[in-house]
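Residue numbers (numbering that gives the first Met the number 0): 0 to 314. Presented below is the structure to which this report refers.
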Amino acid sequence: MKTIFLDTVHEVLAQRLTTVGWECVDASDWSQEDCQEGLKDAEGIVIRSRFPMNEAILRFAPNLKFIARSGAGMENIDEAYCADRGIQLFNAPEGNRNAVGEHALGMLLSLMNRIAVSHNEVRSGKWDREGNRGMELDGKTVGIIGYGNNGAAFAKKLRGFDVNVLVYDKYKTGFGTEFVIEATLEAVLSKSDVISFHIPQNEETMYFADQEFFDALGKPIFLLNLSRGKIVETTALIQAIETGKVLGAGLDVNEFEKSSFEAFFEGDIPEGLRYLLNSEKILLTPHIGGWTNESYFKLSNVLADKILEWTQEQA
């Protein structure tokens, strides 16, 4: 089976596919124009985020059987079109869930204890202990929205703290444990000291955290978003910060991200992004929540497991 790697992923995926006789082609330097000719005999495609997988490009792959995305989100794939074509889709949220859980905890502790802010102040010659007095996580209520792989991983990381964990998931029930309490969205908004997003981006979730969301908060919160940038509406977040409804926000993703992350700062910087960059109440990281040395391997290894198992089922 000929598989085209349109993005660079850990070599273990190609190694495992090659071992069972597959042809793996490194196409990480292909342009979209190259794909018009190069995909004509492709049976599999491996991607991260370089190209959108929609009809405009997939029509050049008439023999395509599957697309494997090295990551969790599938928003760059036209799932309806693939379903019509019978193209199998794979992703690997199991591969980076631990990394996301650890990153979320790190962002939260940094925000509550002003670690990044005070670090920068000390480096600039300012020694301000009182101004950087922190808050403890113990005794707080943490609300998690979305209890898939990443939400569950974050909840697991919180077990070492004396916190109440409330979880809202529109599509899941029966997941409550001694550490996790199933809750309504209203309960999460009214009772939480921390709210963390772990949901996919789709029509239902676009700008989930809007003005109405922040108006419904029962008390000031710390906000975390390690899902997708357009889950949180920046203008609404800024107003919530200005009015004291949000004490701080840890954003590993933001709505101004481009399909090419390296082009993030090209062109004029939008006013909302400029606010995020300059506010000491915002902690920003460049979409690296699930981007560790370990997850880089695990993402590809998980995909190999899924692809090879599926292939055996088709035989």
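Where is the CB? At the ideal position from N, CA and C, for every residue including glycine. Computed from a prediction, not measured in an experiment: that's the story for all the values here.
A Cβ-Cβ separation of about 22 Å leaves GLY72 out of contact with PRO269 under the 8 Å criterion. Minimum Cα-Cα distance from LEU184 among the listed residues PHE178, LYS171, GLU177 and THR176 corresponds to LYS171. In the pairwise beta carbon analysis, the stretch 163-177 is classified as not touching the stretch 220-228: fewer than three pairs are separated by under 8 Å. Cα atoms of VAL99 and LEU38: separation of roughly 33 Å, rounded to the nearest angstrom. Contact between LEU188 and GLY217 holds: their C-beta atoms lie close to 7 Å from each other, under 8 Å. In this structure, GLU36 keeps its C-beta atom at 8 Å or more from the C-beta atom of LYS1.
The beta carbons of ARG84 and ILE76 sit about 12 Å from each other, so the pair does not count as a contact at 8 Å.
If you look at VAL121, you'll find it in the alpha helix (DSSP H) that goes 114-122. Under the DSSP assignment, GLN200 falls outside any alpha helix (DSSP H); it carries neither an H nor an E label.
Here ALA303 carries a helix assignment [DSSP, helix/strand/coil]. Cβ neighbours of GLN14 within its own chain (closer than 7 Å, five residues either side excluded): none. Residue environment analysis places THR233 among the buried positions, since at least 16 neighbouring C-beta atoms fall within 10 angstroms of its C-beta. In this model, ARG58 and ARG113 are separated by some 51 Å (Cα to Cα).
Taking the C-beta atoms as reference points, GLY70 is found nearer than 8 Å to LEU298.
Within the stretch 124-210, the runs of alpha helix (DSSP H) that reach at least 4 residues and sit entirely inside it are, in chain order, 148-156 and 184-190.
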